[in-house]
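Data block below; observations after.
Protein chains: 2
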Amino acid sequence: MSKRMPPLTALRAFETAARHMSFQNAAAELNVTPAALSFQIKSLEEHLGAPLFVRGNRSVRLTEAGRVLAPGTKDGFEALGAAWRAAYRVNDHASLTVTAGPAFTATWLAPRLYSFARAHPDIELRLSAGLGLVDLTRTEVDVAIRFGYGPDPPELYSEKLLDDWVTPMMTPEMARRHPTRASLSTAPLIHQEDIDFLDPPCDWPAWFRAAGLAPRDWTGQRFSQADHAIDATLSGAGVVLARVSFATRFLAEGRLVAPFRPALRTLAHYRFLCARGSETRPQIAAFRHWLVEQVAQAADHESDHDLIDPHDVHIT
Amino acid sequence: MSKRMPPLTALRAFETAARHMSFQNAAAELNVTPAALSFQIKSLEEHLGAPLFVRGNRSVRLTEAGRVLAPGTKDGFEALGAAWRAAYRVNDHASLTVTAGPAFTATWLAPRLYSFARAHPDIELRLSAGLGLVDLTRTEVDVAIRFGYGPDPPELYSEKLLDDWVTPMMTPEMARRHPTRASLSTAPLIHQEDIDFLDPPCDWPAWFRAAGLAPRDWTGQRFSQADHAIDATLSGAGVVLARVSFATRFLAEGRLVAPFRPALRTLAHYRFLCARGSETRPQIAAFRHWLVEQVAQAADHESDHDLIDPHDVHIT
DNA sequence: CATTTCGGTTAAGTATCACTTGAGTGAAGG
DNA sequence: CCTTCACTCAAGTGATACTTAACCGAAATG
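Chains as they are written, first to last, in the working numbering: chain H, 589 to 904; chain G, 589 to 904.
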């Protein structure tokens, strides 16, 4: 009959029993005798002042109160278990889990994995591709690489990795029809709106201004998602002002070309993120160091083939 | 050095210590001596194989591992505590927490609260206005009243409360300028798009068809949110086809009028929801019964002043 | 600079509680 | 009808969580 927390072992006994819907199996899982488990449940029910299970003769059913208690206890013990495993992994200097967006993982990270494995053969690197914003202080992910801008969250260690740029892209076929920068004045434009919120804006009017071309009509298809805009471009619908990082794959395959300067630097960039304090853990430090190295190499490489012109840019 | 779960009491000791950042205070909270707490933490660290606190001489700091473990254990014990309190409340037949949307709470529920208090003076009714979809099986909310359509979630008990209707509404001034149904053919229309997904559709074309009026051009302002559309209507921008439940307040105040039939019934409706099984708990049953009663009375009342014409409707 | 104070630690002793054993119960199932 | 199975009960035991009391070292105090 107490509102105070019951003994935790009794709660765990209940959680296990509710999960198995059997005292027998629950007792087996906890490595105790059924009698012990029965007693624990009973003491919990005394604490609560009401039964949690209806004892059928060869089975048990949850009561209303039991049904309310079960999901919460399950959540609770799962959280505790996850936390414990996460803490345990801190001492494990042999593995490292990194999450990044699918595009970045596939086009940037995966091809370089062998290089990392060679440099750090003792570290097992696990990749987790996904856009969901994982909570680095609460999950088993050590490092996140995310694209974004704005102030760094204070509870995280953050380091800028890569700038990103937007530049006109089109199919080679489209490029033949519009061989000069000026000919873009008549090309069908594809607008991708999820980068418009950036400041300075990285949209077509901004690019025309930066290119020294006269403003034109800004009609054309508008997409709110980058991959849709690139899909449309791939199908020959027009010329898109796309983020280089999203399109590297298609540029490399020759399905898209980016013949015209300037490229506009977006304010947003790729960032290395980990829980503040964990940047000194050996595997994380090693990975960060390696990443920065790779970024530097890649930058050299890219300025070679003149895809991007860093000098031409920076509208304010 | 074990990956197995540590003793739960030790985990709780750690959680409390991490929250207070002081063994002394943590011991006080748990009603034990500092020595006991110190020992618990020590045993936990042995289990983990690494220290969780750095012992400064008059203070403690978390280690890396401690920083990883702390938030998860906090979450876990909070979940357990919430679950326990929720289970405890099941036996508490004296209070009842209900969540509903802000509009429904303000215009429908709140004015009738006194009636409920008179009918059930022993039940303390708590209201929680908000649109967030609370999880009735995991939180301390007993009952939700939500607007929606589609199949009922299987883990919930669900009962239809109120149909909703859409009918043309405008300011009295606008109604003077458009005194007949037919005159709506030239009135400025306001479109509210969040009800279009309903099947059968409840948009202006459907209403004109149901009214036996000729189709017209469907230009006019379009809003994705109902309150914006009603705001525009209130400012005299045109005639809106709005859900009655959203506008009752303005209709009652005379700021809007709804002179023209028919009213179209939407497929969506207000529903009473609670965790399956808990519909038999006395306060919940009492509240449900009272709600149904109130709904019946309101229906009588509304058909009085001829706001809605249930016979005229049902396009398929 | 000595002294106090405070927060944490250690070690030994103790009370509690979680568990086991073994017998018991009542209904489902052959 | 008798067996079996899942849970319960009571008594005894062992682990564990806790207390007491002494100890330690740095920060605060005079």
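Idealized CB from N, CA, C, for every residue including glycine.
- By a beta-carbon distance limit of 8 angstroms, Pro767/H does not contact Val827/H. Their separation comes to about 13 angstroms.
- In chain order, Ile778, Val828 place their CB closer than 6 angstroms to the CB of Thr821/H, counting only its own chain and leaving out the 5 sequence neighbours on each side.
- Excluding sequence positions up to five before and after Thr597/G, its CB lies within less than 7 angstroms of the CB of Gln628, all in the same chain and listed in chain order.
- Under DSSP, Glu747/H shares a beta bridge with Phe860/H.
- Residue state for Ile711/G is assigned as coil, using DSSP reduced to three classes.
- Residue pairing for Trp792/H: DSSP places it in no beta bridge.
- In this structure, the beta-carbon distance from Leu724/H to Ala732/H falls below 8 angstroms.
- Nearest in C-alpha terms to Pro756/G, of all of Asn619/G, Ala794/G, Thr604/G, Pro595/G, is Ala794/G.
- Contact annotation: the region 610–619 of chain G does not touch the region 674–691 of chain G, with fewer than three C-beta pairs closer than 8 angstroms.
- Judged by DSSP secondary structure, Gly736/G falls within the beta strand (DSSP E) whose first and last residues are 731–736.
- Cβ neighbours of Val648/H within its own chain (closer than 6 angstroms, five residues either side excluded): Phe641.
- Residue range 596–608 is occupied by the alpha helix (DSSP H) that includes Leu596/H.
- Bridge partners of Ile778/G according to DSSP: Gln809/G, Val828/G.
- Using a 10 angstroms sphere on the CB of Pro659/G, the tally of other CB atoms reaches 16 or more, which defines it as buried.
- Under the Cβ distance rule, Pro659/G counts among the residues neighbouring chain H, one pair being separated by less than 8 angstroms.
- Beta-bridge annotation (DSSP): Trp753/H is paired with Arg853/H.
- Going by DSSP, Ser683/H is part of no alpha helix (DSSP H) but of the beta strand (DSSP E) stretching over 683–688.
- In terms of beta-carbon proximity, Val678/H lines the interface with chain G, with at least one pair separated by less than 8 angstroms.
- Scanning its chain for C-beta atoms nearer than 8 angstroms, with the 5 sequence neighbours on each side dropped, one finds around Arg859/G the residues Ile733, Arg734, Phe735, Gly736, Asp740, Ser746, Glu747, Lys748, Leu749, in chain order.
- Here DSSP, grouped into helix, strand and coil, assigns Ser716/G to strand.
- Taking 8 angstroms as the threshold, the shortest C-beta distance from Ala671/H to chain G falls below it.
- At a C-beta separation below 8 angstroms, Pro594/G has these neighbours in chain H: Trp672.
- When the five nearest sequence neighbours on each side are left out, the beta carbons in the same chain lying within less than 7 angstroms of the beta carbon of Thr685/G are those of Arg714, Ser716, Glu728, Val729, Asp730, in order along the chain.
- The three-state secondary structure of Phe641/G, taken from DSSP, is strand.
- Distances from the alpha-carbon of Ser823/G to those of Phe875/G, Glu761/G, Arg849/G put Glu761/G closest.
- Rounded to the nearest angstrom, the gap between the Cα atoms of Leu668/G and Pro870/H is 35 angstroms.
- The Cβ-Cβ distance between Glu603/G and Thr651/G does not fall below 8 angstroms.
- Contacts with chain H at 8 angstroms (Cβ-Cβ) include Asp663/G.
- Using a Cβ-Cβ cut-off of 8 angstroms, Gly865/H is close to Glu652, Arg655 of chain G, given in chain order.
- Secondary structure of Val678/H (DSSP, three-state): helix.
- In chain order, Ala717, Gly718, Leu719 place their CB closer than 8 angstroms to the CB of Pro690/G, counting only its own chain and leaving out the 5 sequence neighbours on each side.
- Note: Arg726/G is not bridge-paired with any residue in the DSSP secondary-structure output.
- Measuring C-alpha to C-alpha distances from Arg843/H to each of Ile818/H, Leu861/H, Ala670/H identifies Ile818/H as the nearest.
- Looking only at Ala802/H, Leu632/H, Ala705/H, the smallest Cα-Cα distance to Gly654/H is reached by Leu632/H.
- Of the residues Asp751/H, Val880/H, Ala825/H, the one whose Cα lies closest to the Cα of Arg853/H is Asp751/H.
- The beta carbon of Thr621/G sits closer than 8 angstroms to those of Ala615, all from its chain and outside the five residues before and after it, given in chain order.
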